[in-house]
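Asker: In this note's numbering, the protein residues as written are 8 to 446.
Where is the CB? At the ideal position from N, CA and C, for every residue including glycine.
Sharing a structure, written as structure tokens. Questions coming.
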């Protein structure tokens with residue numbers, strides 16, 4: 008049997024070869040099965056200015072991979088406090104700002120084309136259009152994102168508070184579609200910060216710690232929505248991919264960038280960023296991912312379930328199936344109107360057997376991750392959930408094979424083909440070195 012040291016060395020060699028090819032300034036990865044971590048490695052630099060090396064203790068921005076943790080927190084809090092994620096009435100009672108009669112609400116305005124000056128117009132959505140927490144988790148609220156919809160990019164430039172991602176003004180925004188009509192990756196998930204805080208009665212950061220991190224045994228200063236001084240000391244930096252210069256392909260980010268940082272109570276009018284809140288080490292976040300491999304659903308360090316079996320089955324299932332919606336992989340799985348942040352890509356997970364392009368579809372779970380409907384060309388099985396973060400972090404959880412992995416660097420834009428290739432290499436490596444197969 009291959010031991011963890013040998014497997015970690017093998018994984019490190021894969022990552023180091025990519026760093027040598029200048030795919031990324033630094034890379035780290037963790038692979039795990041139902042028993043725990045079976046390989047972890049880090050190589051390269053964490054900061055393109057100071058040349059500080061990447062280690063497994065390096066604190067990274069997990070960006071949208073955080074969404075899975077947000078989902079678990081939301082579902083756990085909702086279940087403990089008897090909150091129905093399908094109820095518009097309960098939601099509006101808890102968050103009246105999402106009701107039609109709330110003075111100043113804009114969430115029931117829909118984009119409706121442009122006027123003669125090129126500015127967007129709006130229309131009121133029909134009375135049947137009612138928001139729920141389930142839609143926030145399934146990304147069917149009808150919202151867009153500033154980096155993937157022209158309408159939202161325009162809104163960011165022109166609306167009051169549009170540039171402040173930690174503002175309630177940013178949340179109180181028009182939508183692109185009525186709810187439950189389309190799947191579109193969107194900012195609607197940021198309303199969950201309000202929902203979680205009001206369900207639990209405590210700030211979001213405290214809710215993460217009480218409902219998720221402490222039960223899973225995640226150590227302080229390794230995973231948090233607020234970077235402590237100890238975390239900042241271990242933090243790298245986010246670089247910019249400078250594709251025009253092959254000798255210096257990564258440069259310091261030429262603009263300030265951070266997520267809203269709230270140590271305790273959030274100031275009036277502000278809101279934590281539940282679309283991408285977490286900073287931490289890769290092994291700490293892998294603890295959350297690994298918990299999902301348990302046959303009966305995620306369990307805490309004492310063997311107790313985080314969710315009821317009924318809610319877990321719903322959480323990991325395809326939330327779009329009941330709506331008759333699928334996510335097409337092509338021609339454009341992702342689109343980008345701000346190339347500095349993200350590339351548009353055609354394939355998210357290419358299937359092992361290529362069919363007609365329109366036949367390649369994905370599902371979406373309430374864990375805020377895609378669900379594979381067919382085996383991928385990297386060996387991931389149907390039912391695997393997988394997602395990513397904006398600074399080029401990628402994970403998968405393949406319950407049928409009992410394995411998962413997460414790999415990260417820290418640079419913009421998301422989705423370069425070279426990083427997608429590294430993601431695929433790590434997936435193939437994890438499948439080939441699955442301890443269950445090699446025992």
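1. Hey, residue 44 and residue 293 are a contact pair by Cβ (cut 8 angstroms); roughly how many whole angstroms apart?
2. Just tell me which of 221, 309 and 305 has its CA closest to the CA of residue 322.
3. May I ask you to report which of helix, strand or coil DSSP gives residue 99?
4. Taking just the CA atoms, how far does residue 378 sit from residue 228?
5. Would DSSP call residue 247 helix, strand or coil?
6. Considering residue 35, what are the terminal residues of the beta strand (DSSP E) in which it resides?
7. Tell me the DSSP bridge mates of residue 60?
8. Which value, in whole angstroms, describes the spacing of the CA atoms of residue 435 and residue 302?
9. How about residue 441 and residue 116: do their beta carbons lie closer than 8 angstroms?
10. Would you tell me roughly how many angstroms separate the C-alpha atoms of residue 319 and residue 77, rounded to the nearest one?
11. Please classify residue 284 as buried or exposed, where buried requires at least 16 neighbouring CB atoms within 10 angstroms.
12. Pairs of beta-carbons, one from the segment 347–364 and one from the segment 86–104, closer than 8 angstroms: are there three or more?
13. Restricting to Cα atoms, I'd like to know which of 416, 399, 12 and 299 is closest to residue 71.
14. Any idea which residues DSSP pairs residue 47 with across the strands?
15. Quick test of the definition: if touching needs 3 or more C-beta pairs under 8 angstroms, does the segment 385–403 touch the segment 8–27?
16. To test your reading of the DSSP string, which unbroken alpha helix (DSSP H) runs of 4 or more residues are found completely within the segment 154–182?
17. State the CB to CB distance for the pair residue 375 and residue 178, rounded to an integer number of angstroms; the pair is presumed to be in contact (CB under 8 angstroms).
18. Residue range of the alpha helix (DSSP H) that residue 25 falls in?
19. Which residues in the same chain as residue 19 place their Cβ atom closer than 7 angstroms to its Cβ, once the five residues preceding and following it in sequence are excluded?
20. Are the Cβ atoms of residue 415 and residue 35 separated by less than 8 angstroms?
21. If I follow the unbroken alpha helix (DSSP H) through residue 121, where does it start and stop?
22. So, with DSSP's three-state summary, where would you put residue 335?
23. Going by DSSP, name the residue or residues bridged to residue 370.
24. Evaluate the contact criterion for the segment 230–245 versus the segment 52–62: three or more CB pairs, one atom per stretch, below 8 angstroms.
25. For residue 190 versus residue 334, is the C-beta spacing smaller than 8 angstroms?
26. Hey, how far is the Cα of residue 310 from the Cα of residue 134?
27. Nearest to residue 312 by alpha carbon, out of 219, 412 and 205?
28. Suppose only complete runs of 4+ residues qualify. What are the alpha helix (DSSP H) ranges in the segment 261–314, listed by chain order?
29. Residue range of the alpha helix (DSSP H) that residue 319 falls in?
30. Does the distance from the CB of residue 298 to the CB of residue 223 come in under 8 angstroms?
31. DSSP on residue 127, reduced to helix/strand/coil?
32. Closest by CA to residue 281, which one among 143, 132, 158 and 237?
33. Which full runs of the alpha helix (DSSP H) of 4+ residues lie inside the segment 188–255, going along the chain?
34. Which of the three DSSP states, helix, strand or coil, is assigned to residue 429?
35. Would you mind sorting residue 37 into buried or exposed? The rule is 16 or more other CB atoms within 10 Å of its CB.
36. List the endpoints of the continuous alpha helix (DSSP H) containing residue 328.
Answerer: Quick answer:
1. 7 angstroms
2. 305
3. helix
4. 31 angstroms
5. strand
6. 33–40
7. 52
8. 23 angstroms
9. no
10. 15 angstroms
11. buried
12. no
13. 399
14. 37
15. no
16. 157–165 and 175–178
17. Not confirmed; about 17 angstroms, so no contact.
18. 11–27
19. 48 and 50
20. yes
21. Per DSSP, residue 121 belongs to no alpha helix (DSSP H); it is in the beta strand (DSSP E), 116–121.
22. strand
23. 378
24. yes
25. yes
26. 45 angstroms
27. 219
28. 289–298
29. 316–323
30. yes
31. strand
32. 143
33. 199–207, 211–215 and 236–240
34. helix
35. buried
36. Premise fails: residue 328 is in no alpha helix (DSSP H) and is neither H nor E.
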